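Asks:
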Amino acid sequence: MTTPIKVTLIGATGLIGQIILKALSSNVSITVTVLSRQESSTTTEIQPGITVHKTDFSPSNLESLLRGQDVLISAVGGTAFTEQKKFIDAAIKAGVKRFIPSEFSTSSQDDAVIQLLPLFQQKRDIINYLKGKEEEGLSWTGFVTSGLFDWGLESGFLGFDIKTKSAVIWDGGSASFTLTNEKQLGQAVLAVILRPEETKNRFLYIASVETTQNEVLKTLEDVTGSRWTVTETTTEEQVAEGFKKLSAGDFSGAFALVRATAFGSTPGLKKNYVKDQDLANEVLGLEMESVRETVERVVGV
Numbered sequence: 152m153t154t155p156i157k158v159t160l161i162g163a164t165g166l167i168g169q170i171i172l173k174a175l176s177s178n179v180s181i182t183v184t185v186l187s188r189q190e191s192s193t194t195t196e197i198q199p200g201i202t203v204h205k206t207d208f209s210p211s212n213l214e215s216l217l218r219g220q221d222v223l224i225s226a227v228g229g230t231a232f233t234e235q236k237k238f239i240d241a242a243i244k245a246g247v248k249r250f251i252p253s254e255f256s257t258s259s260q261d262d263a264v265i266q267l268l269p270l271f272q273q274k275r276d277i278i279n280y281l282k283g284k285e286e287e288g289l290s291w292t293g294f295v296t297s298g299l300f301d302w303g304l305e306s307g308f309l310g311f312d313i314k315t316k317s318a319v320i321w322d323g324g325s326a327s328f329t330l331t332n333e334k335q336l337g338q339a340v341l342a343v344i345l346r347p348e349e350t351k352n353r354f355l356y357i358a359s360v361e362t363t364q365n366e367v368l369k370t371l372e373d374v375t376g377s378r379w380t381v382t383e384t385t386t387e388e389q390v391a392e393g394f395k396k397l398s399a400g401d402f403s404g405a406f407a408l409v410r411a412t413a414f415g416s417t418p419g420l421k422k423n424y425v426k427d428q429d430l431a432n433e434v435l436g437l438e439m440e441s442v443r444e445t446v447e448r449v450v451g452v
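For our numbering, add 151 to where a residue sits in the sequence shown, where the first one is 1.
Below, the structure is given as structure tokens:
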């Protein structure tokens, strides 16, 4: 019998964490453990059969809980990006082989992204920290997914409102970009755990669709059988409004800046991973999907 791969996940109840947990739980060769804050009562979203350890996230407690684990995955949110240094140090002391940091978004290695989202400098700092620890036996893998396509459609985050059949289109809507669906994000993480040597110490750019806002809009109109109401906007308007809200303490301003990393025309922005990056889909066994099949699934056709 093959020895199971032992994986620990931090941040399992967030959006990304739940996607990853679902994928890991589907593979019988992986044993999953979740670390949760002692004061947290959010355990209802953890699947039955998953071991959950409460922790104060002190270095000694982390080291103890990580001993014997093969992989540590961090899916923490923005308020905990810098805490990942503590995770890394504990993982090294515990003998963990692979650390997957909280990237799972647009690239922290893109200077144009840092310009739009200064918080992502903290993500870049973590990668630099990991690179400095490679000789101590801990390897790493960073995932660059851009936005989540199916979730973004369903929630309205991408500016397409299925309920009101309305859309906000940036700069004419003809610029191409890539997005990733939830299932493929989970499959990508699973593939890295099962293919450690091929995915060691590198960024993996993945995508489910290569599209434009106009294609998404047209597909939504076709699938819903309705003409949608369109509001035109520009990168300049959206970015300015985003920073204005943030400076006033309104964190929702960050949402427009996140959208700008996919839709925007910021100089130097590499938003189409099919054309601008070395796409890792083939390495991970992922296939591109059509916009229509995703739209039909989300709309419920």
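We treat Cβ as the ideally placed atom computed from N, Cα and C, and that holds for glycine. On a predicted model such as this, the values are computed, not experimentally measured, just so you know.
(1) Taking the alpha helix (DSSP H) that residue 251 falls in, what are its first and last residues?
(2) Alpha carbon to alpha carbon, how far is residue 157 from residue 218?
(3) Ignoring anything shorter than 3 residues or poking outside the stretch 315-358, list the beta strand (DSSP E) runs there in chain order.
(4) What three-state label does DSSP hand residue 183 in the structure shown?
(5) Just to confirm the assignment, what range does the alpha helix (DSSP H) spanning residue 306 have?
(6) Quick check: the Cα distance between residue 215 and residue 277, rounded to an integer number of angstroms?
(7) Under a Cβ-count criterion, where at least 16 other Cβ atoms within 10 Å of its own Cβ denotes burial, should residue 211 be classed as buried or exposed?
(8) Tell me which residues share the same chain as residue 153 and place their Cβ nearer than 7 Å to its Cβ, disregarding the 5 neighbours each side in the sequence.
(9) With which residues is residue 362 paired in a DSSP beta bridge?
(10) In or out: residue 350 buried (at least 16 other Cβ within 10 Å) or exposed?
(11) What's the call for residue 418, buried or exposed, on a 16-neighbour Cβ count within 10 Å?
(12) Could you tell me the alpha carbon to alpha carbon distance between residue 370 and residue 327, rounded to whole angstroms?
(13) Please report how far the alpha carbon of residue 433 lies from the alpha carbon of residue 382, in whole angstroms.
(14) Write down the C-beta distance between residue 389 and residue 321 rounded to the nearest angstrom, noting that I regard them as a contact closer than 8 Å.
(15) Applying the criterion that 16 or more other CB atoms from any shown protein chain within 10 Å of the CB defines a buried residue, is residue 415 buried or exposed?
Replies: According to the data block:
(1) No alpha helix (DSSP H) holds residue 251; the beta strand (DSSP E) holding it covers 249-251.
(2) 10 Å
(3) 317-321, 327-330, 353-356
(4) strand
(5) 300-306
(6) 22 Å
(7) exposed
(8) 180
(9) 328
(10) buried
(11) exposed
(12) 15 Å
(13) 37 Å
(14) 7 Å
(15) buried
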